[in-house]
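Counting from 34, one number per residue, gives the positions in the sequence shown under this note's numbering. We treat Cβ as the ideally placed atom computed from N, Cα and C, and that holds for glycine.
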Amino acid sequence: MSGEERRGKIIQALKNSDKAVSATTLAKEFDVSRQVIVQDVALLRANGKNIFSTNRGYLIQEDEETTRVFKVQHEDDEVEKELTTIVDLGGTVEDVFVYHKVYGVLRAEMNIKSRMDIRNYMEEIRSGKSSLLKNVTSGYHYHTVRAERVEILDMIQEELQKKGLLAKLQDYEPVDFWGQNNYNE
């Protein structure tokens, strides 16, 4: 196993543990010396990983995920394209909501993070039991999208724009739906 592979596995071991993991435990797991683990952790820290030392071992602080709201508009037959674009680039579609001039904000949880989730969602919609929320506002709707980094959200926004799925905010729409100012222009 290369040092890079081992460092990747160290990160995973720390993320998967609900308590501190000692350098000795990691050394045994990866069949290296404790000093190699200490050096690996130093390299990981130098590369921006939030690894903390405690008297019981190492802990990792997960990178905080970030969200952005995208206003989109498309036809019913483009729903799958929209959702696939987002999840294939590493985003999770947390919700869908519309801003109705009479009723205000109407929101529904989605939590779509994989193609399987998309497939299940599309089956429910196609079954005829429910209609798309976007249809109450002439196709305009919003998604809160979560990703590990802002750069991923930027890529998603760029790709949605290329595919002609993004829409501009109108004068009557509130600028700040959920107390955040991170909307596409």
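Residue i, buried or exposed, once every other Cβ within 10 Å from all chains shown has been counted against 16
i, result
"K104", "buried"
"A56", "buried"
"Y136", "exposed"
"H133", "exposed"
"E115", "buried"
"D73", "buried"
"A180", "buried"
"L76", "exposed"
"V138", "exposed"
"F130", "buried"
"K167", "buried"
"D187", "exposed"
"R40", "buried"
Endpoints, the beta strand (DSSP E) within which residue i is located
i, result
"V245", "Since the first and last residues shown for the chain are 34 and 218, residue 245 lies out of range."
Element boundaries [alpha helix (DSSP H), containing residue i]
i, result
"L199", "Here L199 belongs to no alpha helix (DSSP H), and DSSP marks it neither H nor E."
"M149", "148–159"
"L47", "36–49"
Integer Cβ distance of residue i from residue j, believed to fall under 8 Å
i, j, result
"N144", "E127", "6 Å"
"E111", "L198", "7 Å"
"I70", "G124", "34 Å between Cβ atoms; not a contact."
"T100", "V183", "At roughly 10 Å, the Cβ-Cβ gap does not stay under 8 Å, so T100 and V183 are not in contact."
"A53", "L92", "5 Å"
"Y173", "Q106", "5 Å"
"T58", "G90", "7 Å"
Bridge-paired residues (DSSP) for residue i
i, result
"V54", "Y91"
"E184", "Per DSSP, none; premise fails for E184."
"I224", "No answer is possible for residue 224: it lies beyond the span of the chain, which begins at 34 and ends at 218."
If you scan the segment 69–139 from start to end, which runs of the alpha helix (DSSP H) of 4 or more residues do you find wholly inside it? 112–121
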